[in-house]
Amino acid sequence: MTAPRHVEVGDDLPPLRLPPISRTTLALFAGGSGDHNPIHIDLDVARSAGMDDVFAQGMLSMAYLGRLLTGWVPQERIRSVQVRFRAITPVHGQPTCTGRVTAIEHTDLPGGRVERRARLDLAVTLADGTTTLQGDAVVALP
Amino acid sequence: MAIDTAAIGRRLPEVTVDIERGRLRLFAKAIGETDPVYVDLDAARAAGHPDLPVPPTFFCALGHEQPDPFGWLDELGVDLRQVLHGEQSFTYHLVAYAGDRLTARPRITDIYARKGGALEFVVRETAVTRAGGEPVAELTDVVVVRNREVTA
């Protein structure tokens, strides 16, 4: 894990830069995620819905954000993650995941314990500058 | 078309899934996972895990493990081709592992329209528990339905 021992407001997580999304990735993610919605893997269906092409599953990008987080802290420290899907990710889109610490909080737990937590802003941005996902997460700090 | 708000509060079919290592490895491959903890049992155990961990966003897969995973949208009269994923959130209680039997219990918690009905939103909340009833995670997802025939 690469999380620094000392986390402060304003710290950036090491960005996660992904390769361009291929049609193979969309097919594999359909199988892996169990989301077989053909709009992401079948050009005929996409066109019948008025789209020019298939487009990436939103949850693929959110899974990349999951990698950003588990690359920074052990997974058992992730308390919550939430996103809004702001734009479609086209085939060949090249996402980069970023995160920044926006707050350090102390949360009361049952039994009188207090957990120190970091609140993070999260985003996924394509190479052309489009923000596709925006959200936040809360992780426990040591 | 307007989705009938009488569906608010509707419980959708619950799904129980045995989490398999092979499936988690396929998910890891699809997302380009490079951390061996998610694919290599020895690496997972060396990191203190009893088995391969279920990654943070995998839980959405549970709801798809049924013969007609989009049937609930059909019942609302929604054309799957006009649907986009609007929002998704996860709250975690513990890490689940390959070998766990997980149950997802979804229900519809809100339905509302925006832009004069050109966009409709359906909110689902799903509780995920491990065999024995321990809470694992709560999911909230918002589905956006685009109604092209409605102009705001």
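These protein sequence lines map, in sequence, to chains A and B.
Just so you know, the first sequence maps onto residues 1 to 142 in our numbering.
Just so you know, the second sequence maps onto residues 1001 to 1152 in our numbering.
Note that CB positions come from ideal geometry on N, CA and C, so glycine has one too.
Considering Cα atoms alone, identify which of P1106/B, A1030/B, F1090/B and D1100/B is closest to E1125/B. P1106/B
Spatial neighbours of R5/A in its chain, beta-carbon cut-off 8 Å, leaving aside the 5 residues before and after: P142
Between K1115/B and chain A, is any beta-carbon pair separated by less than 8 Å? no
Going along chain B, which residues have a C-beta under 8 Å from S190/A? The structure shown does not extend to residue 190/A, since chain A is modelled only from 1 to 142, so the question has no answer here.
Which of helix, strand or coil does DSSP assign to I39/A? helix
E1125/B - partner residues in DSSP beta bridges: R1107/B and T1140/B
Between which two residues does the alpha helix (DSSP H) containing G1071/B stretch? G1071 to E1075
Ignore the nearest five residues each way along the sequence and tell me which others in V1142/B's own chain have a CB closer than 6 Å to its CB. G1086, E1087, F1121 and V1123
Using a Cβ cut-off of 8 Å (strictly closer), state whether S33/A contacts chain B. yes
Would you call A1152/B buried or exposed, if buried means 16 or more other Cβ atoms sit within 10 Å of its Cβ? With a pLDDT of only 47 at A1152/B, under the threshold of 50, the placement of this residue in the model should not be trusted, and no figure is reported.
Would you mind sorting S22/A into buried or exposed? The rule is 16 or more other CB atoms within 10 Å of its CB. Its Cβ having fewer than 16 others within 10 Å, S22/A is exposed.
Does the beta carbon of S48/A come closer than 8 Å to any beta carbon on chain B? At least one chain B Cβ lies under 8 Å of S48/A.
CB contact below 8 Å: G1022/B versus chain A: no
With a cut-off of 8 Å on the beta carbons, I'd call T70/A and P1056/B a contact; round off their distance for me. 7 Å
Under 9 Å between beta-carbons, which chain B residues line up against R84/A? List them in chain order, please. G1086, E1087, Q1088 and V1142
In whole angstroms, what separates the C-alpha of A103/A from that of V54/A? One C-alpha to the other measures close to 38 Å.
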